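For reference, the structure is listed below as structure tokens.
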Amino acid sequence: MSVVALLLALYVADVGAPPSPIPAPFSVGSRSLLRSIEDDGDERLEYAVELNATDFDAVLEETSAAFAIVEFFAHWCPACRNYKPHYERVAKLFNSADAVHPGIIVMIKVDCALQINVDLCDKFSVGLYPMLLWGPPSKFLSRKWEPKQDTSEIRSIEDGRTADRLLNWINEQINSSYALDDKKYEDEHLHPRPNALDPVQKIEHAIHDIEESTAIAFDIILRHKMISSKTRASLVTFFQLLVVHHPSRRCRKGISEILVDFSADKKEIDEISSLRNDHICGKEVPHGHWIYCLGSNNETRGFSCGLWVLFHSLSVRVDDGDSHTAFTTICDFIHNFFLCEECRQHFDSMCSSVHNSFKKARDFALWLWNAHNRVNERLMKEEASLGTADPKYPKTIWPPRQLCPTCYTKERGKDEGNHQTRWDYDEVYRFLLGYYGEALTTPYKDTSVVGVPAEDVVAPAGTATAAIAKAVHVVGATLAIAAASCAFGALICYRRRRHASWKYKYHPHALKIV
């Protein structure tokens, strides 16, 4: 009876208490949600409404706005991060509680890198990031858009790369003359989370993030159904490079098994379905977090950092005779499978500037190192002007002098961060080899992975001899996929038979700070 009495007392107390305020449903016309956020006295730093697959229809159905702009982006995409201030600046005109032009346009964004949004982004034919679509909100409810359908009222915004250009495009559509406020918004970007974890700035832990980025890249390819008759050979060639030179042994094992799934007589859809069951780096990967590539907030470093680290690892693991093949393989992979459009264009441009074949692995490793520094130099300027840099880990010319003092000559420019930096390339290459080779170790201490002792998760440099590497050397996209798979199957069997007697020595291999 005492329990019943207690429950009755709690019920009476609850009934007598004033009801908790129920938030009004989101309405862009009334901007109730935006007001509820801003009324607490905090300055709102984002104005575009981020939706996911669960609330996408509900918000668009309720809004009283005449038009909607939806940005499809990926949080790991550097171009998306740099575009964010432009998009938010326009969104402030229409979405904010004190919007100058309220109720006309609702500006939305959807993160396609989140698993929950994969189907939603697929239905809108999202192929590159960032992608902007325009149309009446009701037309988005069908969750379907094909770029070649001229009758669709949803249109792709092709010329909206800056706030000014996006607003000009809007003005043309609705015959208006809206203008951006002349106030500068350099402080209107996401501040880092106060409780953000510091990334472990030791290359020993980078193997975790190399595996993470490998698994995410494979998942992106499958989720976006990017394997076609035009891209299939490029992917197989990339896997052929990884199965010999990937620094993680369990990734090499998973990739060798995936190669077997590629068959010349399989239909593309059946092939993708079978590949979905494969774990490229083991069932434990991806882990869902970063260590070496962890940024100050969710929008910095991460996947793009891990991918660079993987590429640098490959660049110092290949033999001289494979160096140019590795170069073209990585260039083709970025061209066919990296969805950040602006990033891909810049990388394509750097690849196309190489007119002579690499004869030495040293030359390829230094080219990739220099290309990465060129990217960082460009992004440093863009992020400084847009306020999108990671405040704790901004882009920098690498390696810094404190990490490799011998990499710099005595004669140098006024600023290490500009093009006047003088490098000792022999020392740079030596540093790359040591930093990404002998220093690269595994964070797994106590457990075995896919039947391999924990201390063997990371492959030492030189695990494949030149002869073995040649056995799986890329001989061209014209080779039959079945023949390639058989060759790699034979290679794996051979490697396993020899595994017990092999003695590996560490040779330097490299990875790079982003």
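Residue numbers (mature numbering (1 follows the signal peptide of the UniProt record, and there is no 0)): -17 to -1, 1 to 497. From the three backbone atoms N, C-alpha and C, an ideal C-beta is built for every residue, glycine too. Keep in mind it's a predicted model, so treat the numbers as computed, not measured.
Residue burial classification, residue i (beta-carbon count within 10 angstroms, cutoff 16)
i	result
ASN339	exposed
VAL83	exposed
VAL243	exposed
LEU293	buried
GLY420	buried
GLU124	Residue 124 is actually Leu in this sequence, not Glu. By the neighbour-count rule (16 or more Cβ atoms within 10 Å), LEU124 is not buried but exposed.
SER468	Only weak support is given to the placement of SER468: the predicted model assigns it a pLDDT of 47, under 50, and the value that follows is read from those uncertain coordinates. With 16 or more Cβ atoms within 10 Å of its Cβ, SER468 is classed as buried.
ARG405	exposed
ILE238	buried
ILE99	exposed
LEU386	exposed
ALA49	exposed
THR308	buried
GLU136	exposed
Paired residues, beta bridge with residue i - DSSP
i	result
LYS92	GLU33, GLU54
ARG138	TRP117
TRP406	TYR391
Which of helix, strand or coil DSSP assigns to residue i
i	result
PRO1	Bear in mind that the predicted position of PRO1 carries a pLDDT of just 40, short of 50, making it unreliable; the figure below should be weighed with that in mind. Of the three classes helix, strand and coil, the one that applies to PRO1 here is coil, per DSSP.
TRP59	coil
ALA247	Caution applies to ALA247, whose pLDDT of 48 falls short of 50 and renders its modelled position unreliable; the value that the coordinates give is listed next. In the structure shown, ALA247 sits in coil (DSSP, three-state: anything other than H, G, I, E or B).
residue 498	Residue 498 lies beyond the range of the chain shown here (-17 to 497); nothing can be said about it.
LEU474	Confidence at LEU474 is low in this model, with a pLDDT of 48, below 50, so the placement of that residue should be treated as unreliable; the coordinate-derived value is given next. Three-state result, LEU474: helix.
ARG148	helix
TRP291	helix
TYR418	helix
TYR275	coil
TYR112	strand
SER212	coil
GLY304	helix
LEU242	helix
HIS69	helix
ILE313	helix
LYS236	helix
PHE107	coil
ASP81	coil
GLN385	coil
GLU282	coil
VAL411	helix
residue 576	Lying outside -17 to 497, the shown extent of the chain, residue 576 is not represented and no answer is given.
GLU194	helix
GLU45	helix
SER160	coil
ALA372	coil
ALA203	Strictly speaking, residue 203 in this sequence is Ile, with Ala absent from that position. In the structure shown, ILE203 sits in a helix (DSSP, three-state: H, G or I).
LYS75	helix
residue 504	Since the first residue shown for the chain is -17 and the last is 497, residue 504 is missing from the structure and cannot be characterised.
THR220	helix
residue 529	Given a span of -17 to 497 for the chain in the structure shown, any question on residue 529 remains unanswerable.
Span separating the alpha-carbon of residue i from that of residue j
i	j	result
TRP128	PRO119	13 Å
TYR407	ILE380	Sequence inspection shows Asp at residue 407; the Tyr mentioned does not correspond to that position. Roughly 14 Å between the two C-alpha positions.
PHE77	GLU410	54 Å
LYS67	ASN353	27 Å
GLU45	ASN35	15 Å
ARG233	VAL226	10 Å
GLU326	PRO61	Strictly speaking, residue 326 in this sequence is Cys, with Glu absent from that position. Their backbone Cα atoms lie some 7 Å apart in a straight line.
TYR161	MET90	15 Å
PRO383	TYR391	9 Å
GLU360	HIS329	13 Å
residue 513	TRP59	Residue 513 is absent from the model: the chain starts at -17 and stops at 497.
TYR297	GLN156	Residue identity differs from the one stated: residue 297 is Leu in this sequence, not Tyr. C-alpha separation (whole angstroms): 48 Å.
GLU141	ILE88	18 Å
LYS154	ALA31	The question names Lys, yet the displayed sequence has Asn at residue 154. So the two alpha carbons sit approximately 19 Å from each other.
GLU54	PRO388	44 Å
SER121	VAL101	21 Å
GLU194	THR311	22 Å
THR197	CYS264	8 Å
LEU97	ALA344	37 Å
LEU149	ARG72	10 Å
GLY110	GLU267	28 Å
HIS70	ASP346	One point to set straight first is that residue 70 is Tyr, not His, in the sequence displayed. Roughly 40 Å between the two C-alpha positions.
ALA372	LEU277	14 Å
ASP40	TRP117	15 Å
LYS236	GLY370	42 Å
Can you list the alpha helix (DSSP H) stretches of 4 or more residues lying completely in the region 316 to 361, in chain order? The region 316 to 361 contains these whole alpha helix (DSSP H) runs: 324 to 335.
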